[in-house]
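Those protein sequence lines, which keep their order, are chains A and B.
Adding 140 to a residue's 1-based position in the first sequence gives its number in my numbering.
Adding 129 to a residue's 1-based position in the second sequence gives its number in my numbering.
Glycine included, every Cβ here is placed at the ideal spot set by N, Cα and C.
All values reported here derive from a predicted model rather than from experimental measurement.
Here is the structure we will look at, set down as structure tokens.
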Amino acid sequence: MATLVAGQVSVDPAEFAQVKFDAAEIAALVTALAERLGVSNTIELVVDETTPLTKITCSIEAASSDATIVIDAQSGAIENTKALTTLGPVQLNTSVGRMLLRARDRMRTDFADVGPDDDLSLAQTAAWDTYCAGRLARAGIDIIEQRWRYNHRNRLGFSDAADADFDRLWVAQDLAWSDVIAGITAT
Amino acid sequence: MRQFFPVEDLARDERFVQTNMAERLADTRDPQESDSKRKSAKSRAASNRLTPDRPDASERARGLMHGIMVGEIQALEGAGRTAHDFEAGDGSGDTIPFELKLDMARQAWDEARHVEISAKLGDWMGTELGEFQENTVLFEAACSNDPVLRLAGVNRALEGLAIDVFTQMKEFGDLAGDPFLEFCEDWMLADEVTHVKMGSDWLRKVTEKDPDRRKKALEFQQVVDKLFSFGGSRSDHEDSSFTLARRFRELAGFTEDENETINQLGLDAFNERSEAVKQAQDAAVAFADA
Numbered sequence: 141m142a143t144l145v146a147g148q149v150s151v152d153p154a155e156f157a158q159v160k161f162d163a164a165e166i167a168a169l170v171t172a173l174a175e176r177l178g179v180s181n182t183i184e185l186v187v188d189e190t191t192p193l194t195k196i197t198c199s200i201e202a203a204s205s206d207a208t209i210v211i212d213a214q215s216g217a218i219e220n221t222k223a224l225t226t227l228g229p230v231q232l233n234t235s236v237g238r239m240l241l242r243a244r245d246r247m248r249t250d251f252a253d254v255g256p257d258d259d260l261s262l263a264q265t266a267a268w269d270t271y272c273a274g275r276l277a278r279a280g281i282d283i284i285e286q287r288w289r290y291n292h293r294n295r296l297g298f299s300d301a302a303d304a305d306f307d308r309l310w311v312a313q314d315l316a317w318s319d320v321i322a323g324i325t326a327t
Numbered sequence: 130m131r132q133f134f135p136v137e138d139l140a141r142d143e144r145f146v147q148t149n150m151a152e153r154l155a156d157t158r159d160p161q162e163s164d165s166k167r168k169s170a171k172s173r174a175a176s177n178r179l180t181p182d183r184p185d186a187s188e189r190a191r192g193l194m195h196g197i198m199v200g201e202i203q204a205l206e207g208a209g210r211t212a213h214d215f216e217a218g219d220g221s222g223d224t225i226p227f228e229l230k231l232d233m234a235r236q237a238w239d240e241a242r243h244v245e246i247s248a249k250l251g252d253w254m255g256t257e258l259g260e261f262q263e264n265t266v267l268f269e270a271a272c273s274n275d276p277v278l279r280l281a282g283v284n285r286a287l288e289g290l291a292i293d294v295f296t297q298m299k300e301f302g303d304l305a306g307d308p309f310l311e312f313c314e315d316w317m318l319a320d321e322v323t324h325v326k327m328g329s330d331w332l333r334k335v336t337e338k339d340p341d342r343r344k345k346a347l348e349f350q351q352v353v354d355k356l357f358s359f360g361g362s363r364s365d366h367e368d369s370s371f372t373l374a375r376r377f378r379e380l381a382g383f384t385e386d387e388n389e390t391i392n393q394l395g396l397d398a399f400n401e402r403s404e405a406v407k408q409a410q411d412a413a414v415a416f417a418d419a
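So this is what it looks like as structure tokens:
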């Protein structure tokens, strides 16, 4: 299957059959997003167009600052929810943006012990998503805070303690992994 | 005031984007997570049901809640149309009993309240109005020129679907510990059972001396029920997204035979949709290999 390569970003597949996505447009959006977030690494985005589900994960090839970032996305993660099967720039910025920040976190020594995305618990994933979404909002990305608060509550509980944890993570910067998940046992 | 309003003329502001069943079914992606993925350590969901242990639970719940809200808007519009579109009479021809008009007006009042509740639940879940597509299939079922078909299509099929969906969302809220979602869905569910019961009672009463008309209405209901299964999303199959709330349906006047028929329609739709998706996936693989 062919892969489109544009600068630091590659998109697989280069042509889509089941969705109306344009690989060149995706590459351009990811390039602009990476620049905005200060991510200069090579990025490989693999899209599974056979499913409308919304799962997205990332990994880095090595724990170094110049590592290649690999992002696996189900098509629903970057789809326009107002026009199904078409690309959603807002959804792409939210989904891929979280993965870019997550990948950058993984390059830090204080994230060295974090397992692969698929091995994280739902609460750990939610806490990290909150931390990433807050930073995206401050970077000027269109983010609905309440959406992430609801997700945080679903995973850490509908309680004052969970809300306080959300507030802490939402405004945080430069956290270690132990800080990101500190609220999980506390709630 | 204008009577018999087509779906194309529904009033919506620029935030809403509408779609229909033809467009939805043209999407050939597989919405079901495959067995191999689901049962691996990578997926925690035990089935395709909406449960809090799904990785995408929050997103799916937000999307479904938005679908419920636009469904409530269309239910309001449908009940309002039925109260207004037909003259009061003995129920023959194009007339409906005045008491039926009153029931439709009461239902419109209920649906207006449901729209407000659903919009507030959307706020609570972080969803913007119009964030998701609006499928107009619900209102389309309310456009028949025969009031008895509207009772079958809207009150029994549409509101019956609402019973199934609200039961699912109530359970989701309960399991997630969401105090507002569980509470609000429970109250709206009680109204929906009443709406279906009204439809069941009026359908029997209006067609009491016209078995052919009753037969046509029930056939129409089956067509709508199959459409409302959304390609098999509703059935007792473990891969369907939600199941029939049989107990609440019984309270609303559905017999066990009717519930089983609806379940079978869902299973048929599920199998047809699965075959169509498989063919499309095979074609996509051929495209990628070419």
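Contact with chain B by residue i, beta-carbon distance below 8 Å
i: Ile-284(A); result: yes
i: Ala-243(A); result: no
i: Tyr-290(A); result: yes
i: Leu-262(A); result: yes
i: Lys-195(A); result: yes
i: Lys-125(A); result: Residue 125(A) lies beyond the range of chain A shown here (141 to 327); nothing can be said about it.
i: Arg-287(A); result: yes
i: Thr-221(A); result: yes
i: Phe-251(A); result: no
Coil, strand or helix - residue i by DSSP
i: Asp-212(A); result: strand
i: Ala-263(A); result: helix
i: Leu-280(B); result: helix
i: Lys-160(A); result: strand
i: Asp-185(B); result: coil
i: Gln-132(B); result: coil
i: Glu-260(B); result: coil
i: Glu-165(A); result: helix
i: Ser-169(B); result: Because the pLDDT of Ser-169(B) is 46, which lies under 50, any placement of that residue in the model is unreliable, and the number read from its coordinates should be weighed accordingly. Of the three classes helix, strand and coil, the one that applies to Ser-169(B) here is coil, per DSSP.
i: Thr-148(B); result: strand
i: Asp-188(A); result: strand
i: Glu-143(B); result: coil
i: Leu-240(A); result: helix
i: Val-311(A); result: coil
i: Ser-235(A); result: helix
Residue span of the alpha helix (DSSP H) that contains residue i, given as start and end
i: Ile-246(B); result: 227 to 254
i: Ser-329(B); result: 308 to 335
i: Ser-221(B); result: It is not in any alpha helix (DSSP H) - Ser-221(B) carries neither H nor E in the DSSP assignment.
i: Leu-227(A); result: Here Leu-227(A) belongs to no alpha helix (DSSP H), and DSSP marks it neither H nor E.
i: Ser-369(B); result: Premise fails: Ser-369(B) is in no alpha helix (DSSP H) and is neither H nor E.
i: Ile-292(B); result: 288 to 305
i: Glu-155(A); result: Neither: Glu-155(A) is in no alpha helix (DSSP H) and is coded neither H nor E.
i: Ser-199(A); result: Where Ser-199(A) is concerned, there is no enclosing alpha helix (DSSP H), although the beta strand (DSSP E) it sits in stretches over 196 to 200.
Distance between beta carbons of residue j and residue i, contact taken as under 8 Å
i: Val-179(A); j: Arg-242(A); result: That pair is no contact at about 11 Å.
i: Met-194(B); j: Leu-250(B); result: 6 Å
i: Pro-184(B); j: Lys-195(A); result: 6 Å
i: Asn-181(A); j: Thr-208(A); result: 6 Å
i: Gly-328(B); j: Glu-288(B); result: 7 Å
i: His-366(B); j: Leu-396(B); result: 6 Å
i: Asn-264(B); j: Asn-149(B); result: 7 Å
i: Leu-290(B); j: Ala-241(B); result: Not a contact, Cβ separation roughly 19 Å.
Any chain A beta carbon closer than 8 Å to residue i
i: Glu-257(B); result: yes
i: Lys-171(B); result: With a pLDDT of 44 at Lys-171(B), under the threshold of 50, the modelled position of this residue cannot be trusted; read the value that follows with caution. Closer than 8 Å: yes.
i: Lys-168(B); result: Confidence at Lys-168(B) is low in this model, with a pLDDT of 46, below 50, so its placement is unreliable and the value that follows should be read with caution. With 8 Å as the cut-off, Lys-168(B) does not count as an interface residue toward chain A.
i: Trp-253(B); result: yes
i: Ala-405(B); result: no
i: Val-199(B); result: no
i: Gly-361(B); result: no
i: Gln-262(B); result: yes
i: Phe-416(B); result: yes
i: Arg-402(B); result: no
i: Thr-157(B); result: yes
i: Ser-187(B); result: yes
Residue span of the beta strand (DSSP E) that contains residue i, given as start and end
i: Ser-318(A); result: Run containing Ser-318(A): none in the beta strand (DSSP E); it sits in the alpha helix (DSSP H), 317 to 320.
i: Val-254(A); result: No beta strand (DSSP E) holds Val-254(A); DSSP gives it neither H nor E.
Member of the options whose CA lies at the smallest distance from the CA of residue i
i: Ile-218(A); options: Arg-275(A), Asp-259(A), Asp-258(A) and Val-151(A); result: Val-151(A)
i: Leu-173(A); options: Ser-205(A), Arg-238(A), Thr-143(A) and Ile-321(A); result: Arg-238(A)
i: Ala-398(B); options: Leu-347(B), Phe-416(B), Ala-190(B) and Ser-362(B); result: Ser-362(B)
i: Arg-278(A); options: Arg-248(A), Gln-264(A) and Leu-309(A); result: Leu-309(A)
i: Thr-390(B); options: Gln-351(B), Gly-222(B) and Ala-413(B); result: Gln-351(B)
i: Asp-232(B); options: Asp-330(B), Ile-202(B) and Ile-246(B); result: Asp-330(B)
i: Val-186(A); options: Thr-197(A), Arg-176(A) and Leu-224(A); result: Thr-197(A)
i: Gly-222(B); options: Leu-347(B), Leu-229(B) and Arg-342(B); result: Arg-342(B)
i: Ile-200(A); options: Tyr-290(A), Gly-255(A) and Arg-287(A); result: Gly-255(A)
i: Asp-156(B); options: Glu-184(A), Thr-225(A) and Gln-214(A); result: Thr-225(A)
i: Ala-413(B); options: Val-145(A), Ala-157(A) and Thr-270(A); result: Ala-157(A)
i: Val-170(A); options: Ala-263(A), Lys-160(A), Ala-202(A) and Gly-228(A); result: Gly-228(A)
i: Ile-246(B); options: Phe-134(B), Val-335(B) and Trp-316(B); result: Trp-316(B)
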